[in-house]
Amino acid sequence: MADAPTWAVLRPFELLGERVLGLLESLGRFGSFFARAVLSMVTPPFKVRAFVDRIDYIGYRSLVIIVLTGAFTGMVLGLQLFLTLSRFGSEAFLGPAVALGLIRELGPVLAALMVTGRAGSALTAEIGIMRITEQIDALTVMALSPFRYLVTPSILAGVVTFPLMTALFDVVGIFGGYLVGVKLLGLSEGTYFGEMQTFVHLDDILTGFWKSLSFGVLVTWVCTYKGYYVGHGAEGVARATTQAVVLSSVLILLWDYFLGSVLR
Amino acid sequence: MIKVEGLTKSFDGQMVLRGLELEVRDGSITIIIGRSGGGKSVFLKHLLGLLRPDAGRVLVGGVDLTGVSRREIDRVRDRYGVVFQGGALFDSLTCAQNVAFPLREKTRLGRAEITKRVEVGLAQVGLEGVGPKYPEEISGGMRKRVAIARALITEPEIVFFDEPTTGLDPILVNSIHGLIQDLHRRFGFTAVMVSHEIPEIFGIADTVAMLHDGRIVEVGPPEAIQGSRNPIVQQFIRGQPDEGGAFKESG
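Shown next as C-alpha cells:
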C-alpha cells in the first residue's frame, strides 16, 4: 500500500484518470444510444403514428418562430448588406449576397438554433419527465422498446423537418431582404432576383441542405439522449434540458464550421 | 415460479442487496415489506429485468433473467403486468387509451374488441365512465385503479405491484387491497407486491417477506411473520422507532 505522501502525489493523476474514464463512458453510451436508434429505424415494427406526431411536435409547431426569425434575419441582412455594398457601388449584388448568406450559412444554423430552443428543449423535458415518472419503465416492462416510440421517431422527424424548415427560413429571409432592399431602399426588383439566379448554384443549395439534415440528426440525438438519461427529480430534468440546449447549440456551430470547410 | 438466488447489487460502492434469496409460489400473493431505503424497489427492478445484478440469479419459470438477451427478457415480460408506485400512466393518453395501449401495441385485436375489453377492464376496477378523462383529471386513487386495469388487461400470469397504496387514505388503501384480492381470486395470477401497509397486508398476503439491509430476514405466512421472534420484524410491524436498537444492531 502506498504511504500518505505518495498517495497525495498520485491523487491528481487518479482524478484525471477518473475524469477521462467517465468521459469515455459517456461518449460510448452516447454512441450506442444512436446505434440503438438507427437499429430501430431499419427493423420493424415501425411506429408511423409516433413519427407523424413528432413531425408535428418538432416541425409544425416551430413554424411561427421560423417565419419570424427568417423574416427579420433577411431584413437585417438586406439593410446591412445594402449599406455596405453601396459604399462600393455594388448594390446590384444585394440579392445574391442575401441569398448566399442565408442558403449556405445563416438559414441552416439559425433555423437549427431556433428549433433547438423551442422543440429540442421540450423534447428533453418530455422524455425526462417520462423517465422520472416511470413511463419509460412502463413501456420497457410491457416488452415494448422506448426507442421505437420516443427516440427513433424524433430523430427521423428531425431528418425530415430541419431541411424543410431551413428552406422556409431561406425563402422568408430572401423576401425579408427584398422588402428592405427593393421596397424600402429602392433597388429594382429585377436586379434583386435576376442577379440571384446568376450567382446562386445548386452546390450552394446542397451545402445548406446537408447542413440542415445533419443538424436535424444532431439536435434530436442530443435532446433525446439527455432526456433518456435524465438525473433525479425536477432538478434533474431542468439540468438535462439546459445541457441539451447548450450542447446542441455548441455542436451546431462546430459542425457548421466543419461542414463549411468540407463542402466549399 | 419465481426464484431469486444470491442477488447482490451495489451502487457507487454502496451495497443495496446482499445475497438476497426468495421463492414465490405460482398463484400466490407474496408481499415484500421493509423500511424505506431498504432495497425493495431495487429488488423489484431486478425481478422486472430493469436492473442487472452484480451477482446472483433471478429465475422466472426457469429462465434466468440475468443471463439472457434483451429479447429473451421481453419474452418473459410478455407474461408480466406491472403497477408502478405512481401509476406510470402515459399522461398524453386518456385513461381508456392507457388501458388499451398494451392491447393495441401487442395484439392483433380489432378496434371494437379493444374498446369492449377496455370498458370491461375499467368496470372491473370500478371506473365506468372514466375512460375519456386524462390521468391528470382524476384523483390519485383512481389513477392507481386505472394502472391496475392496464396491468391486467393482457391477462398476465404474474403481476407486480410497487407500493400500490402509497399516498392514499385508509379507506382507499382497504379498497385497493380488496380490489387486488378480488382480481387475484378471479384471474389467479401470481402477485408480488412491495408495500408498507401494516397491518392491512396481512389480510391479503399468502406469504410475507421482510427485506432488511439487503437480505430477506424472515419469510412465511402472515401469522408466522406477526408471531416472529425476530426483533427487526417485530420492530417494523409494530412501527417502533429506532431506540429499540433492533435496526441499529442489524445495520
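Top line first, the protein sequences correspond to chains L and D.
Under my numbering, the first residue of the first sequence carries the number 1, and numbering increases by one thereafter.
Under my numbering, the first residue of the second sequence carries the number 1001, and numbering increases by one thereafter.
We treat Cβ as the ideally placed atom computed from N, Cα and C, and that holds for glycine.
Looking at the strands, I want to know which residues DSSP matches up with residue 84/L.
Answer is none; residue 84/L lacks a bridge partner.
Flag this pair as touching only if the region 184 to 192 of chain L and the region 122 to 139 of chain L have three or more C-beta atom pairs under 8 Å; answer yes or no.
no
What do you get for residue 1221/D, buried or exposed, if any count of 16 or more other CB atoms within 10 angstroms of its CB means buried?
exposed
Between residue 18/L and chain D, is there a C-beta pair that is closer than 7 Å?
no
For residue 1088/D, which residues in chain L fall below 7 Å Cβ to Cβ?
133, 134, 135, 137 and 138
Compare the C-beta of residue 38/L against all C-beta atoms of chain D and say whether one is closer than 7 Å.
no
Report yes if the CB atom of residue 1064/D is closer than 7 Å to the CB atom of residue 143/L, and no otherwise.
no
Cβ neighbour criterion (16 or more within 10 Å) applied to residue 1209/D
Looking at its Cβ environment, which holds 16 or more other Cβ atoms inside 10 Å, residue 1209/D is buried.
With respect to the alpha helix (DSSP H) encompassing residue 1175/D, which residues constitute its N-terminal and C-terminal limits?
1170 to 1187
Under 7 Å between C-beta atoms of residue 1146/D and residue 1121/D:
no
Is the Cβ of residue 1134/D closer than 7 Å to any Cβ of chain L?
no
When you compare the CB positions of residue 1141/D and residue 1172/D, do they come within less than 7 Å of one another, or not?
Going by C-beta atoms, residue 1141/D is nearer than 7 Å to residue 1172/D.
Go ahead and label residue 170/L buried or exposed: buried means 16 or more other beta carbons lie within 10 angstroms of its beta carbon, across all protein chains shown.
buried
Residues of its chain near residue 230/L, where Cβ-Cβ distance is below 6 Å and the 5 sequence neighbours each way are ignored
128, 131, 236, 237 and 240
Considering only the alpha carbon of each residue, which of 1069/D, 1026/D, 1081/D and 1008/D lies closest to residue 1057/D?
1008/D
Beta bridge counterpart(s) of residue 1238/D as assigned by DSSP:
The partner list for residue 1238/D (beta bridge, DSSP) is empty, contrary to what the question assumes.
Tell me the DSSP secondary structure of residue 47/L in three-state form.
DSSP places residue 47/L in coil when its eight states are reduced to three.
Hey, is the region 1219 to 1236 of chain D in contact with the region 1047 to 1061 of chain D, meaning 3+ C-beta pairs nearer than 8 Å?
no
Quick one, which residues of the region 138 to 158 of chain L are near chain D if we go by CB-CB under 8 Å, in chain order?
138, 140, 141, 142, 143 and 144
For residue 1004/D, which residues does DSSP report across the bridge?
Per DSSP, 1022/D and 1058/D.
Could you tell me which chain L residues have their CB closer than 7 Å to the CB of residue 1078/D, listed as they occur along the chain?
Residues of chain L passing the Cβ test: 143.
Can you list, in chain order, the residues of its chain whose CB lies under 8 Å from that of residue 1053/D, leaving out five sequence neighbours each side?
1007, 1008, 1009, 1017, 1046 and 1066
Report the three-state DSSP secondary structure of residue 53/L (helix, strand or coil).
helix
Just confirm the distance between the C-beta atoms of residue 1048/D and residue 1160/D, as a whole number of angstroms; I'd bet it's less than 8 Å.
6 Å
How should residue 119/L be labelled, buried or exposed, when 16 other C-beta atoms within 10 angstroms of its C-beta is the threshold for buried?
By the neighbour-count rule (16 or more Cβ atoms within 10 Å), residue 119/L is buried.
With DSSP as the reference, please indicate the residues paired to residue 13/L in a beta bridge.
In the DSSP output, where bridge partners are listed per residue, residue 13/L has none listed.
Could you work out which residue in 1241/D, 1224/D and 1213/D is closest to residue 1042/D when comparing CA atoms only?
1213/D
Is the Cβ of residue 1084/D closer than 7 Å to any Cβ of chain L?
yes
Can you name, in chain order, every residue of its own chain whose Cβ lies under 6 Å from the Cβ of residue 1132/D, other than the five neighbours on each side?
1094
For residue 1215/D, list the residues DSSP reports as bridge partners.
1212/D
Is it buried or exposed, residue 215/L, if we count other Cβ atoms within 10 angstroms and call 16 or more buried?
buried
Quick check: what's the CA-CA separation for residue 1215/D versus residue 1032/D?
11 Å
Using a Cβ-Cβ distance under 7 Å, would residue 1105/D count as near chain L?
yes
Please list the residues of the region 1050 to 1077 of chain D that have a C-beta atom closer than 7 Å to any C-beta atom in chain L, keeping them in chain order.
1050, 1074 and 1077
Given 8 Å as the limit, is there contact between the region 247 to 263 of chain L and the region 1184 to 1204 of chain D, that is, 3 or more CB pairs closer than that?
The answer is no - the region 1184 to 1204 of chain D does not touch the region 247 to 263 of chain L, with fewer than three Cβ pairs under 8 Å.
Which residues of chain L have a Cβ atom closer than 7 Å to the Cβ of residue 1102/D, listed in chain order?
142
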